[in-house]
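Some notes on the structure that comes next.
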Amino acid sequence: SSRTARSEEDRDSLWDAWGSWSECSRTCGGGASYSLRRCLSSKTCEGRNIRYKTCSNVDCPPEAGDFRAQQCSAHNDVKYQGQLYEWLPVSNDPDNPCSLKCQARGMALVVELAPKVLDGTRCYTESLDMCISGLCQIVGCDHQLGSAAKEDNCGVCNGDGSTCRLVRGQYKSQLSASKLDDTVVAIPYGSRQVRLVLKGPDHLYLETKTLQGVKSENSLSTTGSFLVENSSIDFQKFPDKEILRISGPLTADFTIKIHYAGAADSSVQFIFYQPIIHRWRETDFFPCSASCGGGYQLTSAECFDLRSNRVVADQYCHYYPENIKPKPKLQECNLDPCPASDGYKQIMPYDLYHPLPRWESTPWTACSSSCGGGIQSRSVSCVEEDIQGHISPVEEWKCMYTPKMPVVQPCNIFDCPKWLAQEWSPCTVTCGQGLRYRVVLCIDHRGMHTGGCSPKTKPHIKEECVVPTPCYKPKEKLPVEAKLPWYKQAQELEEGTAVSEEPSFIPEAWSTCSVTCGVGSQVRLVKCQVLLSFSQSVADLPIDECEGPKPVTQRACYSGPCSGEASEYTPEETQLLYGSLQEFDELYDWEYEGFTECSESCGGGVQEAVVTCLNKQTREIADETLCASSRRPPQLLKACSLEPCPPR
C-alpha cells in the first residue's frame, strides 16, 4: 500500500495545480463549468487535464424557453442548401442525444446542424443528465456529475417516499338530464405524476385555482402539450378515449371535470402522488417553569400547513396515518439559586408532591354537522392540584408555560354521502313494453356503502323500457310487470332478492300450496340481511334495520279445480283469487299454440292460430274460465299451400 501511495504521488507531481473554474455554460437550468491543468513532464502524464462540475442549478423563468430549442433557432437566419427554415428541436434521440438535430417547421426535413450541443444541454427531456463535450454525462438529483442520487415519487432527492401518498381511483359518469358536467377528482397543489384515462364519449376539461385564489379553465380541445399555471400538460384525444398526463409538481389546485357528450356512460381512471401538506413541527422550548432555583421547560409539536406556512388544528395532521406526533422534550432551566428574600421554593421536574398548574379541558361538543365540515368546541381552564389531590381553578397565567389547548376545531370535514346508481338490468320482457331496474347505493367519501343520503334526491330504481321485437298478443297500455315468467324476474328485482351492502329485505322461496286442489295459501320467510364487504359473508339484522315496505309473507294459491267441482267460486274466493293479490290474472293467460292444418293441400289455403288458456308456471292447458279475466287475443290467419295444384 505504501508503494501504491508513492506511485500516485509521483503521478500527480507531474501535473501543475488545477486552474480556476470557467464561467458557467448557462445562467440557469443547470450548466457546466470546467477546470484545466498543465502537464509539467516532457513525457505523457497519466490522467485527464480537464474536469467538469455542474453550475447554475436554478430553474429558468418560464419565458426563457428550452435550451436545445434556442440552439436550433440560432440557425434560422443561416441558409441551408440555399434556403432559410424555421428550425425546431428534435429531442430524445436514442442513438446520439448530444448532437443538435433540428426539424424544419411544417416539414419532414430533419438535419444535424451541429455535431455537439452546448455544454449543459439535457440529454433527454425527462432527465437531469447533461451533454458535456458531446457526451451524455450522468447527473443525480443532487446536481452532481456521476451521482446516483434519485428523486423519490414525492420529488425529494434521496427521499424515502414518506412525504406524499399514492392516490388512485375510478370515476363512472352518472347521466342526468339536469347536469351537463361533473367533478371527477380534485388534485391539490404540489401533486406529481398525474395520469388520467377517460374511456367513453364524454370529454375532460380542467379548472385551476392558484394559492392566491386566481381561477381559470382549460377546455382541452386538441391533442398537444401546453402550459397551465406553469404546469406542463400532455393531452391526447382519441375518438373513444382521452389521456391526460402532468409530471408536476402542480403549481395550483387542479379540478378535473367531465362534460357529458353522449348517451353512453364513461369511466375515468386516475392516479397521482399527493403531497402530505400538513406535518408535525416541533416547537422551541417553552418558558421555564421557575424564574430561579431550578425549573424545567418542555417542547411541544404543532400541526403546520406547508402551503400557507401557518399553524393549523392538530386534526389536520391526524388525518395522515404517516404522521407521527413527536414526543415532547424536557430539560432543566434557571438553575441559579434564588435570593433569600424571594421566599424561594424549588420546583423540580415532575414534582409529584407539588405538580405544576396545568390546562384541563371538557369533552368536545358534538359536531355541528355530520359531514361537509362543521365545528365543535370545549372549555379550557387552568387548574392546580394540592398535596391532598384536590383540584381547583387558578389564574390562566400560571399555565402559560405551555400553550393553551384550542377551544374550537373543525370536524367532519369529509364530503357528505351521495347516491351512486349502478347499471340498468335487462328489460323484464322479451318483447313490447316492460321495465328495467338498477341498484342505487349511498356512498360515503371513502367509497364505502353507508346511509345518510337524502331520500328526496335518490335516483329512481325502475323505469319503462321497450323491446323492439313485436309481441303476438294484444298491445297493452301499461308496462308488462306481472306476466309470468317475466313477472318472476321483475318481482325478484323489485324485492331485492340479491343481498347487497345496504340492509334489505330478502324473501325466501314460497312454500308449496297448502292444498292439492282448489284455493289454498303459501307462506315464506322474509329476513333483513346485509352483505359484509370485508368478509363477503351475509349477516342477519333485526327487521327494523331494513327500510321500505316488507314483502308479503303469505299469499293465495290455486291448484286447479277439485274432482267434480264446478268452476264457480264464492264471492270471497273470487275476491281472493282475482281482487286482492291479482296474481291468478298473471298465472293464467291466453297464448297462441301453433296453427291448425292448412285448409287446402295446394292452390292456396289458410291456417288459423290455436288459442289456449295456459297455466304459465306448469305450461299445462287449463280450463278457459280461468282466463276469463284476460282479453282473448284476436283471431290470426295466415296463408299456406300456395303452390299451384297439378292439372287433373
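Residue numbers (my numbering): 1 to 648. For glycine and all other residues, C-beta sits at the position ideal for the given N, C-alpha and C. Computed from a predicted model, the values in this text were never measured in an experiment.
| Asked | Found |
| --- | --- |
| How about the segment 73-82 and the segment 25-43: do they share at least three Cβ pairs that are nearer than 8 Å? | no |
| Buried or exposed for R122, please, with buried defined as at least 16 other CB atoms from any protein chain shown within 10 angstroms of its CB. | buried |
| Between the Cα of V499 and the Cα atoms of K527, A509, L614, V515, which residue gives the shortest distance? | K527 |
| Buried or exposed, going by whether 16 or more other CB atoms sit within 10 Å of the CB of I375? | exposed |
| DSSP three-state call for W280: helix, strand or coil? | strand |
| Given this structure, state the Cα-to-Cα distance separating C399 from G295, to the nearest angstrom. | 14 Å |
| Between the C-alpha atoms of W364 and K329, what's the straight-line distance to the nearest angstrom? | 27 Å |
| I need the DSSP call for E545, collapsed to helix, strand or coil. | helix |
| According to DSSP, is K327 part of a helix, a strand, or is it coil? | coil |
| Given a threshold of 16 other Cβ atoms within 10 Å of its Cβ, counted over all protein chains shown, does L227 qualify as buried or as exposed? | exposed |
| Taking the DSSP output, what are the residues bridged to L441? | L420 |
| Kindly list the residues whose CB is nearer than 8 Å to the CB of I138, restricted to its own chain and excluding five residues on each side of it in sequence; keep chain order. | D129, L145, G146, S147, A148 |
| Of the residues G200, S232, I256, which one's Cα is nearest the Cα of E217? | I256 |
| Using the Cα positions of T428 and E464, report the straight-line distance between them to the nearest angstrom. | 9 Å |
| Quick check on this structure: which residue in P339, E332, V407, S368 has the alpha carbon closest to the alpha carbon of A313? | V407 |
| Assuming contact is defined by CB atoms lying nearer than 8 Å, are I276 and R165 in contact in what I supplied? | yes |
| For E302, I'd like the list of residues in its chain whose CB is within less than 7 Å of its CB, leaving aside the five on either flank, ordered along the chain. | R281, T283, V311 |
| Among P393, G47, E322, whose alpha-carbon lies nearest the alpha-carbon of V383? | P393 |
| Can you tell me whether W359 is helix, strand or coil according to DSSP? | strand |
| Give the DSSP bridge partners of R165, in chain order. | Q274 |
| Cα-Cα, which of D253, S191, G389, H445 is closest to D415? | H445 |
| Where does K458 fall in DSSP's three states? | coil |
| Need the endpoints of the beta strand (DSSP E) that F67 sits in, please. | From DSSP, F67 is part of no beta strand (DSSP E) but of the alpha helix (DSSP H) over 67-73. |
| Which ranges does the beta strand (DSSP E) cover as unbroken runs of at least 3 residues, wholly within the segment 34-106, from first to last along the chain? | 50-55, 87-89, 100-104 |
| Assuming D336 is part of the alpha helix (DSSP H), what are its boundary residues? | Here D336 belongs to no alpha helix (DSSP H), and DSSP marks it neither H nor E. |
| Assuming contact is defined by CB atoms lying nearer than 8 Å, are T208 and S300 in contact in what I supplied? | no |
| Using only the alpha-carbon positions, how far apart do P455 and D93 sit? | 60 Å |
| Hey, quick one: how far does the beta strand (DSSP E) through C317 stretch, first residue to last? | Note, C317: premise wrong, no beta strand (DSSP E); alpha helix (DSSP H) at 314-318. |
| Measuring alpha carbon to alpha carbon, tell me which of I621, Q607, L614 ends up nearest L642. | Q607 |
| Return helix, strand or coil for W15, following the three-state DSSP convention. | strand |
| What three-state label does DSSP hand L118 in the structure shown? | coil |
| Between which residues of its own chain and E593 is the CB-CB distance below 7 Å, once the five residues before and five after are set aside? | V610, T612 |
| What residue from D119, E126, N309 has the CA that sits closest to S133's CA? | D119 |
| For T306, collect the residues of the same chain with a Cβ closer than 7 Å to its Cβ; drop the 5 residues on either side in sequence, then sort them by chain order. | The residue asked about is misnamed: residue 306 is Leu in this sequence, not Thr. Hits under 7 Å: I277, R279. |
| Rounded to whole angstroms, what's the CA-CA distance from E112 to L135? Just pull it up for me. | 16 Å |
| Between V197, I413, G293, S504, which lies nearest to P339 when the distance is taken from Cα to Cα? | G293 |
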